[in-house]
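So the structure is just underneath, and the comments pick up after that.
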Amino acid sequence: MQPRVMGIVLAGGAGRRLDPLTADRAKPAVPFGGLYRLVDFAVSNLVNADFLRLYVLTQYKSQSLQRHISTTWPSVGLGGHVTVVPAQQRLGPQWFAGSADAIYQSLNLAFDDRPDVVVVVSADHVYRMDPRQVIEQHLDGGAGVSIVAVPVPREEATGFGVIGVGKDGLTVESFMEKPLDPPGMPGSPDLALASMGIYVFSIDALVDALRRDAMDDASCHDMGTNLIPALVADGSAQAYDFTANEVPGVEPSNAAYWRDVGTLDSYYDAHMELCAVDPVFDLYNEEWPILTRVPALPPARFLHDSGDRTGRAINSLVSNGVIVSGGLVRDSVLSPGVKVCSWATVERSVILHNTFIGRHAVVRNAVIDKDVVVPQGAQVGCDKEHDRERGFVVSDTGVTVVGKGQDVLP
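Just so we're aligned, residue 126 is where the sequence shown starts under the working numbering, counting upward by one.
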């Protein structure tokens with residue numbers, strides 16, 4: 126018999142490291158890849174696996190995320206649903222204290238749904254994964270929780286939960302949240318096994334762990350800091366190797382792609398990967414599609430071909446409703462409704478919805494949020510010090526970020 130599966134999507138994070146993109150929206154609602162929102166990747170993986178009873182737990186600035194879910198996922202098959210669950214203060218006058226507390230305060234969903242297995246995923250990662258394979262290993266191993274993990278260079282693992290496994294490669298013997306000196310993997314000392322924030326729980330183990338955590342006054346009620354280490358200490362945790370996951374339609378060169386886009390630089394870099402001639406994450410996979418609601422806009426248009434006034438886009442993703450009128454777009458992602466006017470240049474940039482790039486303007490190495498007007502002759506991203514003086518955010522690696530509707534002066 127197939128287990129009864131319920132999905133929980135954790136979408137309540139404030140996303141402060143993505144500011145100003147999160148100044149007016151929750152991190153999972155941040156646009157990505159032209160047409161999508163970050164939450165679409167987590168939900169698509171579950172829906173593609175035919176897990177159709179999904180709950181999206183929200184908290185901060187959730188209005189745009191709630192609107193996106195309700196318009197994109199009104200139904201997902203017979204008896205299926207993707208339901209937004211805001212912080213309801215069911216257990217008292219307090220908001221979610223952490224990711225574990227968010228699930229604890231929403232346990233009524235599990236009591237009503239009566240699942241055998243609960244899949245918990247974060248809503249701010251870009252990846253493809255078939256969760257059915259994780260559940261199969263989880264049930265065969267008899268674990269209370271299975272933690273999906275991926276090898277990363279040790280020097281990069283300080284920002285993740287790091288797993289120490291036994292000789293069998295499965296049993297989790299230790300779990301450290303963002304350690305300063307991450308332990309290496311057995312046989313691969315230069316790599317560390319990083320948690321991806323994706324968990325499969327047996328329902329009894331989840332309920333028991335959440336209740337114990339709720340009674341611990343010293344806990345901050347976080348999945349990685351408290352709940353998972355407690356299950357590891359009980360000896361009931363096992364690891365699942367993400368690199369072993371086989372997704373329909375994914376070529377070997379695209380396998381095991383996962384990006385945490387929680388910072389401005391990682392968000393920008395993931396977009397630049399999409400623009401490559403041979404992208405390491407292929408959006409054109411019809412067997413395991415990333416699902417979303419495509420706005421009812423006309424096809425993209427490229428206008429003019431006269432001398433230096435030629436509308437063209439090279440190594441770029443151009444969404445519907447975009448007009449490139451005599452300008453040059455190179456190595457960039459344009460979201461719906463963007464307009465690039467004559468003699469303008471957009472290079473290595475991410476331009477979000479309905480932004481207007483005026484004539485002779487230059488946008489380079491930048492992320493521009495929705496509804497921004499870059500006037501004629503203005504420059505963004507060309508002089509980082511000048512960008513800072515104008516109130517724009519400049520990331521650690523020098524990416525200029527213009528907030529939603531922010532004024533851009535020549």
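Ideal Cβ placement from N, Cα and C applies to all residues, glycine included.
Proximity to L295 across M310, T283 and P304 peaks at M310, based on C-alpha coordinates.
Around the CB of F236, fewer than 16 other CB atoms lie within 10 Å, so the residue is classed as exposed. Exposure of D521 is indicated by the presence of fewer than 16 other C-beta atoms within 10 angstroms of its C-beta.
The Cβ atoms of N370 and Q504 lie no closer than 7 Å to each other.
Separation of the CB atoms of I272 and Y365 is rounded to 7 Å, and the pair is thereby assigned contact status at 8 Å. DSSP places Y393 in the uninterrupted alpha helix (DSSP H) bounded by L389 to L399. Looking from the CA of R253, the closest CA among V498, V372, G530 and F221 belongs to V372. With a cutoff of 7 Å on beta-carbon distance, V471 and V443 are scored as not near each other. The DSSP-derived three-state label of Y409 is coil. For E261, the enclosing alpha helix (DSSP H) has its first and last residue at P256 to G266. Beta-bridge pairing by DSSP links R455 to I439 and E472.
Rounded to the nearest whole angstrom, the C-alpha separation of V275 and A380 is 12 Å.
Exposed is the label assigned to Q127, since fewer than 16 other Cβ atoms lie within 10 Å of its Cβ.
A distance below 7 Å separates the beta carbons of M131 and V243. K464 is bridged by DSSP to I448 and F481.
Separation of L318 and L331 (C-alpha to C-alpha, rounded to the nearest whole angstrom) is 23 Å. Straight-line measurement puts the Cα of V246 at about 5 Å from the Cα of I323. Here DSSP, grouped into helix, strand and coil, assigns T350 to helix. The DSSP-derived three-state label of F326 is strand.
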